[in-house]
Structures are given as structure tokens and as C-alpha cells.
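Each residue of the sequence shown is one higher than the last, beginning at 318 in our numbering.
We put the CB at the ideal spot given by N, CA and C, even for glycine.
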Amino acid sequence: MSRADASRDDWFVSQEGGNVHAKLYTDISNEPLGEWPKFSTGAPVAGDNDLQKPHLFSTEDGWLAVYNRGEFGSSLWWYSLDGKIKYQISEHWVNGFIQHKNRIFAVEGRDSPTSSEGSLIELAKLSGKWTATQIVELPGAGLAVTVLPDDRFCIVTSEMLLAVSLEKRTEVLVPNGHWIRWYPNSITTDAECRNVYIGMRQFVVRYPLGDNEHRAHLLVPAQSFLNTND
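Written as C-alpha cells, this is what we have:
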């Protein structure tokens, strides 16, 4: 299993037309991104002349943009539709956004050699400016999020799978995922919401909702996708 750390395949999962799809990140990078800002949102990276492209999330009045810079920290910004107005919202390490019932949420956090911490936050406009408010503190970095039929947020952290409510109640679905070095990047459910799927390095994880034994299953499309090199 340790050979998965060095795999060159990272799977991204999504639900499209009621079906769950898993695509390699290399394939996703070649797909059109749709309507995005016509102005530059790039930011200089410390020690590099290139501009870092942010992870963007569209809002009615512009875009939320997160810049994760590794050891140099992270920042969350808002840009107006024409790019003429921008400001920093916070320094949250946002890894994924989700819109639910006309509200915008995000999972954030970062792993370090000595700790892992994160939270579920809400992005909202107060007095005309976007703000970030912590909803629930997580027992690890929040890496990806989806919503379950009971309105709870299903969140994958660096080592767990959680179901979190806005009433701050947390249920641990998978207590020991052992996927911290496989870098989970995406999460979705099937159309019937019987299973949760998590995209990560080499594997897609399937978790059957309602499994009292808290078992997660590792999936690959064929044995040839397993890394056999040390």
C-alpha cells in the first residue's frame, strides 16, 4: 500500500447526470473551465517570477479566490465582476467550496509534521463585505465536502470521513482512513445517496452510508493502475 504514495494517478470524482465519474487530474486540466474572470487573478509566489492561479468560486457579485502557498501561508480574497475592486477576506487555508440552500460554505485546514487542524466555515456578506465565519472545528484539515440528504455536510479530512451538521454535531463515519499521504481532493455521492466516493492518489474510496462497521473500500479501474515501483 505504501507504493500508492508514489503513484502518478490522482483521481477526481464528481456526479454527472446521476452517475459518479472518476477522472484523472491530467484529463480535467484539459477541460474548459467555463465562464471565468476576463481579468488576471494571478498573484506572485514568493521566490518565483510566475503568477499563482487561485482556486475560484463564482458568486453573484464576483469571485472568491483562494491562494494556497505551502509553507508561505494562504489567503482568501474577493474580486468584483470587473476586477476593479478586491480585498482579502481571511487567511483560511480553503480546500473546497460548496453552495447549499443559497449559502456558501468551505472546508479549510492544513496538515503539518506536528499537527492537523481545520474547520467548516461560512462565507457571507455582512454590511456589504464578504466575511468568513467558523461553523465547526474539525479534527483535522478539511479537504473536500459534499452534502447528504439529511442536510449534513460529508467532509473528508486528512485521516477521517465525517458527517457534520450546522448544529455542530459530528459523526465519525471512517475513523482511520490511512489516506493522509494519498491527498484526497474531491468527494461526492451516488444519485441514490447510498455511497460516498472520495477521489485521491491512485484510488477512489467508496464508503457505503449506513455501514455500521465503518468500512471503506479502495477502488481502481484495473490492476494496471496500481503503482508497482518502489
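{"Query": "Whole angstroms is fine: what's the gap from valine 337's alpha carbon to phenylalanine 414's?", "Result": "19 Å"}
{"Query": "Between Pro354, Tyr404, Val464, which lies nearest to phenylalanine 374 when the distance is taken from Cα to Cα?", "Result": "Pro354"}
{"Query": "Between the C-alpha atoms of proline 538 and glycine 459, what's the straight-line distance to the nearest angstrom?", "Result": "27 Å"}
{"Query": "Answer yes if the region 439-455 comes into contact with the region 497-511, meaning at least three C-beta pairs across the two stretches below 8 Å, and no otherwise.", "Result": "no"}
{"Query": "Note down, in chain order, each residue of its chain lying with its Cβ closer than 7 Å to the Cβ of glutamate 425, except the 5 sequence neighbours on either side.", "Result": "His409, Trp410, Val411, Asn412, Gly435, Ser436, Ile438, Gly459"}
{"Query": "Determine the contact status of aspartate 327 and tyrosine 342, defining contact as a CB-CB distance below 8 Å.", "Result": "yes"}
{"Query": "Do leucine 490 and leucine 479 have their C-beta atoms closer together than 8 Å?", "Result": "yes"}
{"Query": "When burial is assigned at 16 or more other CB atoms within 10 Å of the CB, is serine 357 buried or exposed?", "Result": "exposed"}
{"Query": "Alpha carbon to alpha carbon, how far is valine 521 from glutamine 501? Give it in angstroms, no decimals.", "Result": "The amino acid at residue 501 is misidentified as glutamine; the sequence shows proline. So the alpha carbons of these two residues sit roughly 9 Å apart."}
{"Query": "Buried or exposed for arginine 320, please, with buried defined as at least 16 other CB atoms from any protein chain shown within 10 angstroms of its CB.", "Result": "exposed"}
{"Query": "For asparagine 546 and lysine 485, what's the separation of their Cα atoms in angstroms?", "Result": "43 Å"}
{"Query": "Please report the straight-line C-alpha distance between phenylalanine 542 and lysine 403, rounded to a whole angstrom.", "Result": "43 Å"}
{"Query": "I need the DSSP call for isoleucine 497, collapsed to helix, strand or coil.", "Result": "helix"}
{"Query": "Apart from the five residues on each side of it in sequence, which residues of its chain come closer than 7 Å, Cβ to Cβ, to leucine 526?", "Result": "Cys510, Arg511, Asn512, Val513"}
{"Query": "One question on the structure: do histidine 417 and valine 473 come within less than 8 Å of each other, judged by their Cβ atoms?", "Result": "no"}
{"Query": "Rounded to the nearest angstrom, what separates arginine 476 and leucine 535 at their Cα positions?", "Result": "Here the sequence assigns glutamate to residue 476, which means arginine is not the residue at that position. Straight-line Cα distance between these residues: approximately 15 Å."}
{"Query": "Closer than 7 Å by C-beta to asparagine 385: which residues in its own chain qualify, once you throw out the five before and the five after it? Chain order, please.", "Result": "Ser391, Trp410"}
{"Query": "For glutamine 519, count neighbouring Cβ atoms within 10 angstroms of its own Cβ and tell me buried if that reaches 16, exposed if not.", "Result": "buried"}
{"Query": "Please classify proline 466 as buried or exposed, where buried requires at least 16 other C-beta atoms within 10 Å of its C-beta.", "Result": "exposed"}
{"Query": "Please confirm if serine 392 has its CB atom under 8 Å from at least one CB of chain B.", "Result": "Protein chain content of the structure displayed is limited to a single chain, and chain B is not contained in it."}
{"Query": "Could you check which residue in Asp528, Ser397, Ile515 has the C-alpha nearest to that of valine 462?", "Result": "Ile515"}
{"Query": "Using three-state DSSP, classify glutamate 425 as helix, strand or coil.", "Result": "strand"}
{"Query": "For glutamate 388, which of helix, strand or coil comes out of DSSP?", "Result": "helix"}
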